[in-house]
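In this note's numbering, the protein residues as written are 171 to 1232.
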């Protein structure tokens, strides 16, 4: 049968009052399914409430979805369960909500706690039983047993051995958390010889009272205290049905309360005396004792002036038998209704239809009273039609309405106790009674002083129950009978609470839900960062920090527009963050990742879940650590396929391969970085480059594990190439094979064919390779492009393109001819060919009228050596800057400081131009100071600004090609050139027709690059050189894009689970 994590009942979820819980549900079953968090109000977050086709469409088999379960004032016991058809029979579990940390129970702390889940057991498949009901339109088969914590108990056959036993110590007090997950029957529950003190119901405290039994309906929870004050022995815990309309399962489930110690086991275990199955008076007596605790720490707020009265009849009915179907003998099928409307589930969820203004899914005219008034509880219904109407109707409430709902039981086809549950709310049960509700006399007896605050109410047989609440939780909220057969027949409706006037009284925005209309899906990944795995390269072994024990780390795959949740567990030695390079993260800088820019690091032993929101990206991106130099070993690919139902803008390749170029250091990269900090010089170079983690057989001790990519002759392959190298741009090619470039940085290009590509650290390229040569083996090679004359790793990494089939392997594998390491002309020729595809399906939007011009010099500099430190020979240390400001990382992250208005963390005056203008690319810098200022400065932009940034290379300490990356944006590379940018003549040659849309730009040595974008992604966004040594030295700054005027143009609220900065 379908279960969660292979257990029945499923796992218990524990939290503290006010916490938020993320639950990733992987559906590996046969049917679509959803999960509901019963009694959790989910403030402003109906997206994660769970009822199928009401607030979401089901999670399909093979898919997953992460629910955000937001706790508010709930304290006590709730539960979770599947909310698709009858799947909750086997898919359910407890939610235990402890008092907020530092608070206590409002009763003496118990010595221990036990959870008791009452449930139903069916010998058959519950979905098959439901299918038979749909075919025959009659009553479903009853359960074959009840269970306590998954076991029927020894009164049933073949059940003695595994009967649940709860062990207690004499004299101690236990808190029993009782959940009724039974499908179709209320329950009487008791413990032989022991009194029960009720202290909580539905995660709200009750004035304690002592009883011999409780009556608990399906959906309800009770917290009770039990004192082990009897003679040490064994005593039955028992649960029997309360059901005053057949057919039903009239059996008893038991567990054993077993005292610890030495005593003679009784020959007959005593059973509790519980009310008869049809004892409505016993049920009523119990319910009448339930009253809210009402203390300073646990206040209540009962509406007294009601402006929304709703009177709802709950009835069992008939509907005509559908054509060509065999139903009941009278030509009808059983159904149920509220106000004579039998609810019909729509084809897509009501919440999505309401939120997106989709017509034809539901009607907004659920009646506030039944269509006709008569004696609803008459024992003789002669002349009254038992046939109900059908529809998908919702009742709309305004935010803040004071609502009173009277649920009226009826005697149409039959009368029974109805447990009714309202999602998204707890409500006050202000009154119950028998017969028909009288709106003049009955309110006089309402309890407005201490009514119980519950989420599921027992409407008595042929009686009524009145509940009140304030409609202060905007959303779409399901209301239904929690006897599953009644809900299946249509005893359901929907309340929609409109948005209030402020942000805090409106729906949370739609973020990554599994929808019915073809929007993006969600995916979940776990990255475990450890430095335990041993790697051997270049004849030496070492341990290093990796993700999931692999180098490179795991590939993340999704489709355009999807949302990905990545839970990063830091089991390493240092604090670390992860960046999703090239993912724009619309309105979500909280999950962008650069350390002390948008978050503080995830400390060792902690974890943090990133929400990676894809938008228009399509192609290849990558993820990497963004703390110090940890990205050297912690990185991996992100593959974004075209949206489902769409295709590539080129002939579909026969297969795909991912190629990650990276650096290999024999030493510990963090130790190398520490030496730089101490000496102020240039870091040691890498010892090799790698392709998919292997250096290749041109390096020592590397032949055996050289990466091999198998191809079939005549087929075309899409190679996804990522440059994760630390400090060198790369030329890349394949011997004997042409490369057709089709995309860069997850945006399509006009295809062009070349012998090589030039790819900077941070960039990605998608290229097509056709296996059209004589079957053999050919080197794939990558060599550095570094034109500054400084020491760099001048080696070549290789992989082997290996044709399948029978042939003699060549004695010498051919190498591609690649440009020299300092061939700036080859680099410029390649970059000049990069042009956006520009089609109807892949349009561009290049700003033409610029209102924000920013001119940024990027320079290598010096800074004075700190006191008591030995630096370079001239008393200086190496530094780098933008507009003569060498960036200093703050003690807490800039995003949090900006969002929370914390002063003293950063300045808002990053200059829009350098402090002085001169010949920045002069070969002779005599008289020009190469010492830079320092600071933590940000440039502020307004939402919607049309921005042009010109990055100007300089020749201060040295000139080199700079790969500059802007977080949160892709931008259009409208022009590049050599020398100093001329703001009069150079813009005349700008490409405003089809410039490439990229996230990392190569600023040429002693030259410039001009980029444009619209500032339509509010947030704090890091800008830095992707040569890691330059970023370390200070070639960084921050753009802050202010909020727009609407919620959809503003930064999303700060997630409560952000890593702490202390």
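Where is the CB? At the ideal position from N, CA and C, for every residue including glycine.
Does the separation of the CB atoms of residue i and residue j fall below 8 Å?
i	j	result
residue 404	residue 443	no
residue 643	residue 213	yes
residue 236	residue 197	no
residue 1180	residue 930	no
residue 889	residue 952	no
residue 948	residue 968	no
residue 802	residue 833	yes
residue 138	residue 502	Absent from the model: residue 138. The displayed extent of the chain is 171 to 1232, so no value can be given.
residue 348	residue 396	no
residue 351	residue 249	yes
residue 1206	residue 1192	yes
residue 1218	residue 1115	no
residue 309	residue 486	no
residue 371	residue 767	no
residue 225	residue 646	yes
residue 453	residue 661	no
residue 554	residue 543	no
residue 325	residue 422	yes
residue 922	residue 855	no
residue 977	residue 939	no
Only counting the same chain, and skipping five residues up and downstream in sequence, which positions put a Cβ closer than 8 Å to that of residue i?
i	result
residue 1128	958, 959, 960 and 1030
residue 697	717, 718, 723, 724, 736, 737, 738, 739 and 748
residue 581	546, 547, 548, 549, 551 and 632
residue 1223	none
residue 979	946 and 947
Alpha carbons only, please: which of the options is nearest the one belonging to residue i?
i	options	result
residue 342	1213, 401, 379 and 381	401
residue 469	851, 374 and 929	374
residue 1176	591, 1093, 934 and 763	1093
residue 1105	1126, 1119 and 1076	1076
residue 858	313, 706, 1145 and 176	706
residue 807	800, 813, 1089 and 827	827
residue 754	1169, 639 and 360	1169
residue 726	428, 811 and 660	811
residue 335	428, 420, 383 and 357	428
residue 1150	1167, 1091, 1158 and 1194	1091
residue 1235	353, 285 and 288	Here the chain has residues from 171 to 1232 only, and residue 1235 is not among them.
residue 992	778, 1174 and 425	1174
residue 338	256, 426, 384 and 583	426
residue 711	835, 1122 and 609	835
residue 630	276, 413, 1027 and 252	413
residue 376	317, 540, 709 and 462	462
Residues in its own chain within less than 7 Å of residue i by CB, not counting five upstream and five downstream?
i	result
residue 534	564 and 566
residue 178	260 and 320
residue 537	509
residue 713	701, 702, 703 and 704
residue 149	The displayed coordinates of the chain run from 171 to 1232. Any statement about residue 149 would go beyond what the structure contains.
residue 1161	1144 and 1145
residue 685	Because the pLDDT of residue 685 is 40, which lies under 50, any placement of that residue in the model is unreliable, and the number read from its coordinates should be weighed accordingly. Closer than 7 Å at the Cβ level, and outside the excluded window around residue 685, lie 227 and 522.
residue 441	362, 406 and 408
Which same chain residues, not among the five before or five after residue i, have their C-beta less than 6 Å away from its C-beta?
i	result
residue 688	Note that residue 688 scores 37 on pLDDT, short of 50, meaning its location in the model is unreliable; the coordinates nonetheless yield the value given after this. Once the five neighbours on either side are set aside, residue 688 has no close Cβ partner at all.
residue 913	789, 919 and 936
residue 1025	1083 and 1120
residue 641	567, 571, 573 and 667
residue 305	Bear in mind that the predicted position of residue 305 carries a pLDDT of just 48, short of 50, making it unreliable; the figure below should be weighed with that in mind. Cβ neighbours of residue 305 beyond the five flanking positions: none.
residue 300	255 and 256
Any chance the CB of residue i is under 7 Å from a heavy atom of the ligand HEM?
i	result
residue 1142	Absence of the ligand HEM from the depicted structure is noted, as is the absence of any ligand whatsoever, leaving it without description.
I'd like to know if the segment 1224 to 1231 and the segment 1099 to 1115 are in contact, where contact means that at least 3 CB-CB pairs between them fall below 8 Å.
no
Decide yes or no for the touch test of the segment 1046 to 1053 against the segment 1077 to 1090: beta carbon pairs closer than 8 Å, at least 3 of them.
Touching, per the Cβ criterion.
Go through the segment 709 to 793 residue by residue and report every complete run of the beta strand (DSSP E) that reaches 3 residues or more, in order.
710 to 713, 726 to 729, 733 to 740, 748 to 751 and 777 to 783
Write down every uninterrupted run of the alpha helix (DSSP H) in the segment 994 to 1035 whose length is 4 residues or greater and which is fully enclosed by it, in chain order.
With a minimum length of 4 residues, the continuous alpha helix (DSSP H) runs that stay inside the segment 994 to 1035 are 994 to 1002.
What runs of the beta strand (DSSP E), each 3 residues or longer, lie entirely inside the segment 579 to 616?
588 to 592 and 597 to 604
Would you call the segment 671 to 680 in contact with the segment 593 to 600, where contact means no fewer than 3 C-beta pairs closer than 8 Å?
With the rule of 3 Cβ pairs closer than 8 Å, the segment 671 to 680 does not count as touching the segment 593 to 600.
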